[in-house]
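Colleague:
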Amino acid sequence: MEDTELDVQPVIARREVTNRILKAFHLRADKNLGQNFLVEESVVSRIAAAAELTPQDKVLEIGPGIGTLTQALARTGAQVTCVELDKRLLPVLAETVGSYENVRIVQGDILKTDIPALMGGGPFKVAANLPYYITTPIIMSLLERRLPLERLVVMVQKEVAERMTALPGGRDYGAISVAMQYYTEPRTAFLVKAGSFLPPPKVDSAVLVCRRRPDPPVAVPDEKTFFRIVAAAFSVRRKMLTNSLRHMGGLSGDEVRAWLAAAGIDGTRRAETLSLEEFAALARAYAVR
Ligand code: SAM
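Here the sequence shown stands for residues 0 to 288, where the numbers follow numbering that gives the first Met the number 0.
1. Evaluate N18 with the Cβ neighbour count: other Cβ atoms within 10 Å of its Cβ, from every protein chain shown; 16 or more gives buried, anything less gives exposed.
2. Give the DSSP bridge partners of L37, in chain order.
3. Leaving aside the five residues before and after R162 along the sequence, list all residues of the same chain whose C-beta is less than 7 Å from its C-beta, in chain order.
4. Give the straight-line distance between the Cα atoms of G263 and A230, rounded to the nearest whole angstrom.
5. Just how far apart, CA to CA, sit F196 and F278?
6. Please return the same chain residues whose Cβ sits closer than 8 Å to the Cβ of A282, not counting the five positions on each side in sequence.
7. In whole angstroms, give me the CA-to-CA distance for V159 and E39.
8. Just the C-alpha distance for E276 and V217, rounded to the nearest angstrom, thanks.
9. Where does T135 sit, in a helix, a strand or coil, going by DSSP?
10. Let's see if you can read the secondary structure: which residues bound the beta strand (DSSP E) around E94?
11. Given R256, which residues of its chain have a CB within under 7 Å of its CB, disregarding the five upstream and five downstream residues?
12. Grouping DSSP H, G and I as helix and E and B as strand, with all else coil, what is E184?
13. Is the CB-CB distance between A146 and P115 below 9 Å?
14. Along the chain, where does the alpha helix (DSSP H) containing E158 start, and where does it finish?
15. Does the beta-carbon of E83, which I'm using as the reference point, lie nearer than 8 Å to any heavy atom of the ligand SAM?
16. Where does A174 fall in DSSP's three states?
17. So who's on the other strand from S204, going by DSSP bridges?
18. Got a sec, what are the start and stop residues for the beta strand (DSSP E) T67 sits in?
19. Please determine whether the Cβ atom of V10 lies at a distance below 8 Å from any heavy atom of the ligand SAM.
20. So does V125 have its beta carbon nearer than 8 Å to some heavy atom of the ligand SAM?
21. Starting from F278, follow the alpha helix (DSSP H) in both directions and report where the run begins and ends.
22. Please name the residue in R237, P200, S204, A232 whose C-alpha comes closest to that of Q34.
23. Taking all protein chains shown into account, decide if K57 is buried (16 or more other Cβ within 10 angstroms of its Cβ) or exposed.
24. What does the Cβ neighbour count give for G66, buried or exposed, with the cut at 16 atoms within 10 Å?
25. Buried or exposed, going by whether 16 or more other CB atoms sit within 10 Å of the CB of T80?
26. Just to check, is the beta-carbon of T69 closer than 8 Å to a non-hydrogen atom of the ligand GDP?
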């Protein structure tokens, strides 16, 4: 390891400590990798608390950075596995959290990581201050893969949290709201100001807590078709369903109208007014049309 005069304070989530670590390792946050390090101790503690970790738990941290949240997760006694893309941060993490026996650091891209192989067979939780440039792909790939994921506690851009938790009827409600609420019970735990990060991002943030549903909340014959219908309905969100659902492809106007009638849904409505149950009714009627 590089010979630095690094004197790591007990808590990394402090502005002066983070600055000192970055300076000691001659590092600058890489904006292209979404590097905004938390420097607010209370925020880090609240994320770790929201994950509800016990020493029996396994937790996956995506993007540990310099170990800020990792340290708080490690202190719960849970088995912490971290996946960090930026190779420059490995020697930093060795210094800042290397002494915790319950922390394992893996270098790699989370989107290309074989998570079941990494986390073993049993249930696990996810806690992360996510890199914002790939928030949705990360969350959706975790959920769609049907991993034994119990709980997801993630820092995301405030607007993303609003979309993921939005209910029918509003501007924020879209395909991502339906997907999140199909797989989980998402709620915004608290908001975080840009000044809590170093460097501060250009947006405000929110911590989203999602309890994984043991079973989907609505019955659909085939999930893939269900999500194709949701995507088609929202593809032209200002249009009536009679028009937007033609984006399913291969259906005439009459066929779409018959399908909507069979599902008991008024074709003059727009996608943003449909509940999960109504999308499921559409999927069921589509399967038997
Ligand atoms: N956890 C730290 C904190 O709270 O201060 C850092 C969070 S920072 C917002 C996001 C982290 O994700 C960075 O360390 C970045 O290098 C890492 N990252 C970016 N893309 C990644 C990817 N594809 N796979 C894994 N980590 C990634």
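Built from N, CA and C at the ideal position, the CB exists for glycine as well.
Modeller: Inspection of the coordinates gives the following:
1. exposed
2. F196
3. D171, G173, I175, S176
4. 20 Å
5. 39 Å
6. V219, P220, D221, T224, F225, I228
7. 21 Å
8. 6 Å
9. helix
10. E94 -> not in any beta strand (DSSP E); alpha helix (DSSP H) instead, spanning 89 to 95.
11. T241, G266
12. strand
13. Going by the sequence as given, residue 146 is Leu instead of Ala. A contact, by the Cβ cut-off of 9 Å.
14. 157 to 164
15. yes
16. helix
17. Q156, V191
18. First-last for T67: 67 to 73, but that is the alpha helix (DSSP H), not the beta strand (DSSP E).
19. no
20. no
21. 275 to 286
22. P200
23. buried
24. buried
25. buried
26. In terms of ligand content, the structure shown lacks the ligand GDP and carries the ligand SAM instead.
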